[in-house]
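Student:
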Amino acid sequence: MAQTHKQKRLSAWSTPILLIAILVVFTVLVTIFGDKSLARMAAQTLIRVTFVVGLWIFVGNSGVVSFGHAGYMAIGAYCSAWLTLDPMKKGLFLPDLWPFLANAEWHVLPAAVASGLLAALVALLSGAAILRLSGIAASIATFAFLAIIYTVYSSWEGVTGATSSVVGLTRYADQWATLGWASVTVLAAAWYANSSSGLALRASREDEVAADASGINMYRHRLISLVVSAFFAGVAGALFGHSLGVLNPNSFYLGVTFITLAMLVVGGIGSLTGAVTGVLVLSIIIEALVRMERGIAVGETTLALPTGAQEIIIGIIMILVLILRPAGLTGGRELRLRIGGR
Amino acid sequence: MKHLFTTTALIMGLGTTAMAEDITIGFAIAKSGWVEAYDAPAVAAARIRIDEINANGGLLGKQLKWIEADTKSDQAQSASAGLQMVDEGADMLIVSCDYDFGAPAALAAEGEGLNSFFLCAEDIKAGIQGVGPNSFSASILAAVQGATMAEWSIKERDAKTGYVLLDTTIEYNKGICTGYDWMFPKAGGEIVGRDTFLNGDASIASQITRIKSLAEEPDVIMLCSYIPGAASAVRQIRAAGINSTILNGSAVDGSYWLDAAPDLSNFIVPVQGSIYGDDTRPAVNEFRDAFEAATGAGPSSTYAYPGYILIDLWAKAVERAGTVDGAAVTAELEKMDNEPTAFGPRSFSDQLHHQNTAEMQIVEITGGKPGVIGSFTISEPVPLDVLLK
Amino acid sequence: MNAIPQLFFDAMSLGGIYAMAALGIALIFGVMKLVNFAHGEYIAFCVFALIVPSTDAVAVMFIGKAPAIVLIPILLLVGAAVAVASEFFVFRHMRRATPVAMMISSFALGFVIQNTLLLVYGSRPKAISLWPELNKPVSIIGASIPLLQIIVILTTLIVVVALALLLKKTRIGLEMRAAAENFTMARLLGVRANVVITGAFALSGALAAAVALIMVTQTGVADVRMGGQIMLVAFIATVIGGLGSLPGAVAAGFLIGAASVILQGFLPLEARPFRDAFLYTLVIVVLLLRPDGLFTSNSTKPRV
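Residue numbers (this note's numbering), protein chains in the order written: chain A, 184 to 525; chain B, 24 to 412; chain C, 79 to 382.
1. Please list the residues of the segment 226 to 254 of chain A that have a C-beta atom closer than 7 Å to any C-beta atom in chain B, keeping them in chain order.
2. If you draw a straight line from the C-alpha of B/Y195 to the C-alpha of A/A510, how long is it?
3. From B/R304 to A/Q358, what distance separates their C-alpha atoms?
4. Does DSSP put B/S160 in a helix, in a strand, or in coil?
5. Can you find the residues in the same chain that come closer than 8 Å, C-beta to C-beta, to A/L301, ignoring five residues on each side of it along the sequence?
6. Do we get a CB-CB distance below 9 Å when we pair A/R403 with the residues of chain C?
7. Is A/E391 close to chain B? Criterion is C-beta to C-beta, closer than 9 Å.
8. I need the DSSP call for B/A41, collapsed to helix, strand or coil.
9. Can you name the start and end residues of the beta strand (DSSP E) that B/A249 belongs to?
10. Could you give the DSSP three-state label for A/F415: helix, strand or coil?
11. With a CB to CB cut of under 7 Å and the five nearest residues on each side skipped, what residues in its chain are close to B/M108?
12. Does any residue of chain A bring its CB to less than 9 Å from the CB of C/G93?
13. Quick check on C/A287 - is its C-beta less than 9 Å from some C-beta in chain B?
14. Determine the extent of the alpha helix (DSSP H) in which A/F216 is found, giving its start and end residues.
15. Is the Cβ-Cβ distance between B/H377 and B/F124 less than 9 Å?
16. So with CB distances below 8 Å, who are the chain B contacts of A/N263?
17. In terms of DSSP beta bridges, what is B/S398 paired with?
18. Could you tell me the boundaries of the beta strand (DSSP E) in which A/W265 lies?
19. Give me the residue from B/F220, B/A354, B/T325, B/G277 with the minimum Cα distance to C/P351.
20. Under 9 Å Cβ-Cβ, which residues of chain B neighbour A/K273?
21. Cα-Cα, which of C/V361, C/V109, C/P210, C/K214 is closest to C/M263?
22. Where B/K25 and B/E315 are concerned, what is the direct C-alpha to C-alpha distance, given to the nearest angstrom?
23. Put C/K143 into one of helix, strand or coil per three-state DSSP.
24. Listing by chain order, which chain B residues have their CB less than 7 Å from the CB of A/S434?
25. Are at least three pairs of beta-carbons, each pair with one atom in the segment 199 to 207 of chain C and one in the segment 58 to 67 of chain B, less than 8 Å apart?
26. Locate the beta strand (DSSP E) running through B/G185, then write down its first and last residues.
27. Indicate whether A/G420 and A/M224 have their beta-carbon atoms separated by less than 9 Å.
28. If you check the beta carbons only, do A/S434 and B/Q384 fall under 9 Å apart?
29. Pull out every residue of the segment 315 to 345 of chain C whose Cβ sits closer than 7 Å to any Cβ of chain B, in chain order.
30. Taking the alpha-carbon of C/F402 as reference, which of C/Y120, C/F86, C/A97 has the nearest alpha-carbon?
31. Please name the residue or residues paired with C/V216 in a DSSP beta bridge.
32. Of the choices B/A161, B/G216, B/A67, whose alpha-carbon is the least far from that of B/T380?
33. Under the criterion of a Cβ to heavy atom distance below 8 Å, does C/I141 qualify as lining the ligand GDP?
34. CA-CA distance, A/A306 and A/A458?
35. Take C/F107 and list the residues in its own chain whose beta-carbon comes closer than 8 Å to its own, dropping the five residues that flank it on each side.
36. Just to make sure I have the definition right: I need the residues of chain B whose C-beta is within less than 7 Å of the C-beta of A/D357. Which are they?
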């Protein structure tokens, strides 16, 4: 028996609900059984979920690999710092800020939303140019965009503090605040993927020519998805700053670009479930390896991995996953409940 | 590889947790990744001072214990490592040398009202102005190093013209140049040109072309950079036939990189203590030998020394406060005015948790051989508004 | 002092390094659509192969002790070996994977190589004195140029000519060109896929070794992160040149080198730290004007 249209829609909405349930269980378990340092890692993981799911909204639906999202993250992170930092500190370390920003003392939540909006605005402007390109040329252009943002933010002395870290951000982004944003991002991603724009974009990903012939304006839908996607990358940036308390342009360059892309690809670039799975699985393995480097008591003795082994092992694990499952752990499938008959 | 096995052995030996009646010092430091090179020697020096204190009966009648967590040269791991140390009952935190990588851990300590000490941060933000009221650094501000070079070169080498070559990659470099820019014109010199580069640039040929196009070779070139970029820049500068005296910050101290620029001469490095056993103060040389005896090799750069100084100063403050409580110890530290240490006097105040003036040893490299040629103290401390620039 | 010839040599020598690295990336992209992010780590690996593995601060020469006539071929072999090994252990098993999955695994491989180097050699940058006499300045048409700059430019020209001859005159070269144009078709016509791919990796690795030698001679230091910057510029050069086009990669490498030197030379002081922002804006502009690159190979043109 075939599913009815309504049942299919319900079934599609079960994906974000299940994923959020997994995130909630993860957070509750860590909070109950873990110490402060583990709770901090959970918050970092949830920030990455926010970022990678945001990244997936563009990359997963359009099929264009973006190296530029860490740039949107930087924009969001610094925007939140401009809006929430103590004006006295801003006068001291960011003397060239415009008066409106220099005197701003926003609450953290509207600041996070504003950070996302600024990132989305920049995405609209940069995407308008970059997305005229396709395939690898577009990817390279996003990379050039990242390099531009990085260079500007690490040189604009009076506004971003340049290479000098901005310090003094309220560290409110604990595991609960980040869980909230990660859940919102998952819902938004599911909403976008099932919207007409998302469906049109995925059709064009599968067959550009056929989609074009069907009257789909690929450029327009790519731009929409980039703007939505950059919003969450910006929010993730704001959360990142408010989790560490310190901002430095180096946090938003190649390291985070590659590790998050790796998480997306290892999880499975083709599905929202893949984006969440990739972050959770790799983050948990990394934390486990870090703890093994620290040493695990086995009876009387402590066994420990040599310091620095964690990075090598995680690299090898990523390669093995990609060799064994080139489409990622989820293989592009979604986690969903079957509602109604089969 | 040898290093790797010793760390593993250390971890194995550390199976037991600190007992409640001990005072626990938490090290949230890089044991892997590129920051490790800066942290490891300073940590070794700090532990020598800890052992000395324990051998003399401990602090407040208690033994000092240390625990450690790896920041992996990563900011997020640094925050986690800091919290881990707090969780495991640290009474004070020692964090990474570099400000960017130490700050997240230091903020964790600040959040609990604990004292934190950067192993060798030379940025004013590694203190009240950035991390918070209980955070200190034992090293000497970068601007002091630049100002020392400026005034020394004018007074001792009769320098009249200077050229500034700034590597904009990290904040430390900018601090050096800030100090130099403040002092050099003030002491009567003229800055005839300036340029920037990046530490990772494959070639600085166009920067060199700019120096060579000056009407006259400058007396001194202030090179604000660190290894490896500094080594590469020096090699290219000398290869181009420019023989000006090159002034530096402490970051290029050490002889390990000198192969990069064979037969280097006219190259000046200001340091807080010489690693070559020829310091003008015998106590420094004694400590250098103690370091060699304890670790099997002499310090590879002057950045080992602040680790020793910070434990020394903190322990004195704890002794005077009669407690390890963060605020009380901070109050005692801020009372220190020209407190004597083996490396010269140190001062803190409620304005500044750094040294804005200090006696520095001047190391000159001649024919590829480094050696102390004297010591120098700037004629006035670097003012706060220059530091905050 | 003559500024224009000086600038020309500065631009050509920096461009030469970029061009050689871009060639290494373009070769592999041509035959298997892989953007090899491990290329920068091949460069670092070759640099560290010159010295004895140890975490001590002072580096002791290992391969680097040999006279040039022995050292150069050995290091080229080391580069080729590490590239071929990475193909054998990683990319050979990913023939059916998407370009994105291959790209990410190349990044993971680079991460593994980099951290292995950190573990074996320690994190402190090392000094290597290789052929310091090459840094002596010589005088040419009014400009004083380090000998090395001339050697870099000549080496690039020799490498490009040799590669062109190899591709034009030999069977493997013919197969590689066929594979770069249309890999599936080439296979159907009897081109030995594995031989071609291994060959491309070997050449690419040897090019990385050549870049490593030039970098070490120029800078005198070894640092695990030293290949990264060059690799990124080379990657961009490959795209601007037209992916899969070898002459395009070389030309774009020289262009980026020249643009970088000119920006450094003519930007006002306050704008100089922003040099790379201008450079990458130029990259986007070039891409928008010529989306398929300056020199397009037929295979990358969309057919519809």
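Built from N, CA and C at the ideal position, the CB exists for glycine as well.
Tutor: According to the structure data:
1. Q227
2. If you number the second sequence from 1, residue 195 of chain B lands on position 172. If you number the first sequence from 1, residue 510 of chain A lands on position 327. Taking the straight line joining both Cα atoms gives about 44 Å.
3. To locate residue 304 of chain B, count along the second sequence from 1; it is residue 281. To locate residue 358 of chain A, count along the first sequence from 1; it is residue 175. So the alpha carbons of these two residues sit roughly 52 Å apart.
4. Looking up residue 160 of chain B in the second sequence gives position 137. Strand at B/S160.
5. Position 118 of the first sequence, counted from the start, is the residue given in the question as residue 301 of chain A. Within the same chain, A/L301 has close Cβ partners I258, G259, C262, G417.
6. Counted from its first residue, the first sequence places residue 403 of chain A at position 220. Chain C contact via Cβ: absent.
7. Within the first sequence, numbered from 1, the residue matching residue 391 of chain A stands at position 208. False, the Cβ-Cβ gap to chain B never drops below 9 Å.
8. On the second sequence, residue 41 of chain B is found 18 positions in, with the first residue counted as 1. Per-residue confidence for B/A41 stands at a pLDDT of 42, beneath the threshold of 50, marking its modelled position as unreliable; no derived number is given.
9. Counted from its first residue, the second sequence places residue 249 of chain B at position 226. The question names Ala, but residue 249 of chain B is Tyr in the sequence shown. First-last for B/Y249: undefined, no H or E at that position.
10. In the first sequence, counting from the first residue as 1, residue 415 of chain A sits at position 232. Three-state DSSP puts A/F415 in a helix.
11. As a working note, residue 108 of chain B is residue 85 in the second sequence. Excluding residues within five positions, the ones whose Cβ falls inside 7 Å are G49, A51, I90, A92, L116.
12. On the third sequence, position 15 is the one that residue 93 of chain C refers to. Taking Cβ atoms only, chain A never reaches closer than 9 Å to C/G93, which makes this a no.
13. Within the third sequence, numbered from 1, the residue matching residue 287 of chain C stands at position 209. No, no contact with chain B.
14. By one-based count along the first sequence, residue 216 of chain A stands at place 33. Its alpha helix (DSSP H) spans residues 188 to 216.
15. Residue numbering aside, residue 377 of chain B sits at position 354 when the second sequence is read from its first letter. Residue numbering aside, residue 124 of chain B sits at position 101 when the second sequence is read from its first letter. It is not a contact, given that the beta carbons lie outside the stated cut-off.
16. Counting from one through the first sequence, the residue named residue 263 of chain A turns up at place 80. According to the sequence provided, residue 263 of chain A is Ser. The question's Asn does not apply to it. In chain order: nothing, as chain B lies at least about 16 Å away.
17. On the second sequence, position 375 is the one that residue 398 of chain B refers to. Looking at the DSSP assignment, B/S398 forms a beta bridge with B/Q384.
18. Taking the first residue of the first sequence as 1, we reach residue 265 of chain A at position 82. No beta strand (DSSP E) holds A/W265; the alpha helix (DSSP H) holding it covers 252 to 267.
19. Numbered from 1 along the third sequence, position 273 holds the residue referred to as residue 351 of chain C. The shortest C-alpha separation from C/P351 is found at B/F220.
20. Taking the first residue of the first sequence as position 1, residue 273 of chain A is located at position 90. The premise fails here: A/K273 is roughly 13 Å from chain B at the closest Cβ pair, so nothing lies under 9 Å.
21. Looking up residue 263 of chain C in the third sequence gives position 185. That would be C/V109, whose Cα lies nearest to the Cα of C/M263.
22. Locating residue 25 of chain B in the second sequence gives position 2, counting from the first residue. Locating residue 315 of chain B in the second sequence gives position 292, counting from the first residue. In this prediction, B/K25 has a pLDDT of 42, which is less than 50 and means its spatial position is unreliable; nothing more can be read from the coordinates.
23. If you number the third sequence from 1, residue 143 of chain C lands on position 65. Helix at C/K143.
24. Within the first sequence, numbered from 1, the residue matching residue 434 of chain A stands at position 251. Going along chain B in sequence order, the residues near A/S434 (Cβ under 7 Å) are Q98.
25. yes
26. Working through the second sequence from its first residue, we reach residue 185 of chain B at position 162. Here the beta strand (DSSP E) through B/G185 covers 184 to 190.
27. Numbered from 1 along the first sequence, position 237 holds the residue referred to as residue 420 of chain A. Numbered from 1 along the first sequence, position 41 holds the residue referred to as residue 224 of chain A. No. Outside cutoff.
28. On the first sequence, position 251 is the one that residue 434 of chain A refers to. On the second sequence, position 361 is the one that residue 384 of chain B refers to. Their beta carbons are not under 9 Å apart, which means A/S434 does not touch B/Q384 by this criterion.
29. V339, Q342, G343
30. Residue 402 of chain C lies beyond the residue range present for chain C, which begins at 79 and ends at 382; the question has no answer from this structure.
31. For this step, residue 216 of chain C is matched to residue 138 along the third sequence. DSSP, once it has assigned bridges, lists C/I223 as partnering C/V216.
32. Locating residue 380 of chain B in the second sequence gives position 357, where the first residue counts as 1. Checking every option, the nearest Cα to that of B/T380 belongs to B/A161.
33. The ligand GDP is not part of this structure, which contains no ligands at all.
34. Indexing the first sequence from 1 puts residue 306 of chain A at position 123. Indexing the first sequence from 1 puts residue 458 of chain A at position 275. Approximately 21 Å, taken between the alpha carbons.
35. Numbered from its first residue, the third sequence carries residue 107 of chain C at position 29. Hits under 8 Å: V113, N114, T316, L321, G322.
36. As a working mapping, residue 357 of chain A is identified with position 174 in the first sequence. Within 7 Å Cβ-Cβ: nothing; A/D357 doesn't reach chain B, min ~11 Å.
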